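Student: Would you mind keeping the following structure in view while I ask a few things?
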């Protein structure tokens, strides 16, 4: 990897050092889009990550209301009265966890670009778009 | 003198707008009444159809101002919603649906601030439910057709979660896909239009009441502030009306894209 203008990177601060390593990589291998797979056809889906945030309210509501309702049904069935609260709290936690699984893991655009191993390692799927749906 | 006047003014005091103000039957009453939003919805369909027919009949390589504006609107849906979310390979069959929903919602929302018409159709929840139902049927139909019945239901859980938690996440995803997605979609549109129109009613009716029925000149002068807020909120409403139309098709495209996505 050639660094034409940065001949002394050792003395650079950590922030500028990262900029030095990232910039040439992007010049050499321009990534067409976030989700261009092997076929390369599925391009122009750049705005998927930022648009996926509109799904978050639906998940939170599903976690709270759905599991509170499930707890209420179990309460009626078992004759107890505490499962509504358990369902509400556990459902909320589960919703937040699911949102993290779908949108949080490796979803930060800048982060994924600065980690070359993410693309090189086939074990690590590119989560940036497909998992967000 | 003044207590008497105040009491008299109070007896016929300001009546704040209520949700009942949104029920406006024109012909008949009850469940089968012909209401104002029904007429406006029909009017919007006629307007949109006529508009697109006129514009598309006079297409030219050097676009007129009208064609330029229409293409701008079309490109919002085509490029920044359909292609950006569904992808350049698959977006084409869904473009008519997205453009229709966008223009229908946009025109009916903007009806809320056009003089004389002045009623956002989607502030009646039935209309919001109807457009949401189309989205709901379309994205589930795509999912079932693409992945099969069991395959679609099985694909709800994202990959890479621990096995013991997967059933709970499946239930959460099922609630999300089948209940809260359409619920939030319909409620977001309805509530924004309803609340926005309510806000305009409060400021403008309040200003009108202060001006015409104010008991002293100070209150009548203060109505200027209420009217000014009414004007400011009208422009703000225009922004919200556009944004809600955009968000609605954005989410429709997002749900379609999710069920079109290839399996891992």
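Residue numbers (my numbering), protein chains in the order written: chain A, 285 to 417; chain B, 823 to 1086. The C-beta atom is built at its ideal place from N, Cα and C for all residues, glycine as well. Model, not experiment: these values are computed from the prediction.
For residue 980 (chain B), decide whether its Cβ has a neighbour in chain A, counting only Cβ atoms nearer than 9 Å.
Tutor: True, the Cβ-Cβ gap to chain A drops below 9 Å.
Student: Please look up how many angstroms separate the CB atoms of residue 338 (chain A) and residue 919 (chain B), rounded, as I've assumed it's under 8 Å.
Tutor: Not really, about 18 Å apart at Cβ, beyond 8 Å.
Student: Kindly say whether residue 990 (chain B), judged by its beta-carbon, lies nearer than 9 Å to any beta-carbon of chain A.
Tutor: It does: the Cβ of residue 990 (chain B) has a partner Cβ on chain A nearer than 9 Å.
Student: Taking the alpha-carbon positions, what's the residue 357 (chain A) to residue 991 (chain B) distance?
Tutor: Rounded to the nearest angstrom, the two C-alpha atoms are 18 Å apart.
Student: Do residue 349 (chain A) and residue 375 (chain A) have their C-beta atoms closer together than 9 Å?
Tutor: Yes; because the gap between Cβ atoms is below 9 Å, this pair is in contact.
Student: Between residue 931 (chain B) and residue 852 (chain B), what straight-line distance do the alpha-carbon atoms span, to the nearest angstrom?
Tutor: When rounded, the distance between both Cα atoms is 25 Å.
Student: Taking Cβ positions only, does residue 356 (chain A) come closer than 9 Å to chain B?
Tutor: Output row for residue 356 (chain A): interface = no.
Student: Assess, as a yes-or-no matter, whether the stretch 907 to 924 of chain B is touched by the stretch 970 to 987 of chain B under the definition of 3 or more beta carbon pairs within less than 8 Å.
Tutor: As far as the Cβ criterion goes, the stretch 970 to 987 of chain B does not touch the stretch 907 to 924 of chain B, which means the pair count is below three.
Student: Spell out whether any CB of chain A is found under 9 Å from the CB atom of residue 902 (chain B).
Tutor: Cβ-Cβ to chain A under 9 Å: yes for residue 902 (chain B).
Student: How far does the beta strand (DSSP E) with residue 848 (chain B) in it reach, from first residue to last?
Tutor: Unbroken beta strand (DSSP E) run through residue 848 (chain B): 847 to 849.
Student: On a Cα-Cα basis, can you pick out the residue from B:1015, B:1048 and B:1031 that is closest to residue 947 (chain B)?
Tutor: Nearest of B:1015, B:1048 and B:1031 to residue 947 (chain B), Cα basis: B:1015.
Student: Applying the criterion that 16 or more other CB atoms from any shown protein chain within 10 Å of the CB defines a buried residue, is residue 842 (chain B) buried or exposed?
Tutor: Exposed: under 16 other Cβ atoms inside 10 Å.
Student: Give the single residue among B:989, B:1001 and B:907 whose Cα lies nearest to the Cα of residue 1083 (chain B).
Tutor: Residue B:907 is the option with its Cα nearest to residue 1083 (chain B).
Student: For the stretch 912 to 927 of chain B, list every residue whose C-beta sits within 7 Å of some C-beta in chain A, in sequence order.
Tutor: From the stretch 912 to 927 of chain B, no residue has a Cβ closer than 7 Å to chain A.
Student: With 16 other CB atoms within 10 Å as the buried threshold, where does residue 963 (chain B) fall?
Tutor: Counting Cβ neighbours within 10 Å, residue 963 (chain B) comes out exposed, since fewer than 16 surround it.
Student: Decide yes or no for the touch test of the stretch 1046 to 1056 of chain B against the stretch 1010 to 1029 of chain B: beta carbon pairs closer than 8 Å, at least 3 of them.
Tutor: Yes: the two stretches touch, three or more of their Cβ pairs being nearer than 8 Å.
Student: Going by beta carbon distance, what residues of the same chain come within less than 7 Å of residue 838 (chain B), once the five residues before and after it are set aside?
Tutor: Taken in chain order, the residues that qualify are 1024.
Student: If you drop the 5 nearest sequence neighbours on each side, which residues of the same chain put their C-beta closer than 6 Å to that of residue 934 (chain B)?
Tutor: Counting only Cβ-Cβ distances below 6 Å, and skipping sequence neighbours, we find 942 and 1019.
Student: Since residue 950 (chain B) and residue 865 (chain B) should fall inside the 8 Å C-beta cutoff, what is the C-beta to C-beta distance between them, to a whole number of angstroms?
Tutor: No, residue 950 (chain B) and residue 865 (chain B) are not in contact; Cβ-Cβ is about 18 Å, not under 8 Å.
Student: Using a Cβ cut-off of 9 Å (strictly closer), state whether residue 939 (chain B) contacts chain A.
Tutor: Chain A, which has no Cβ nearer than 9 Å to the Cβ of residue 939 (chain B), makes this no.
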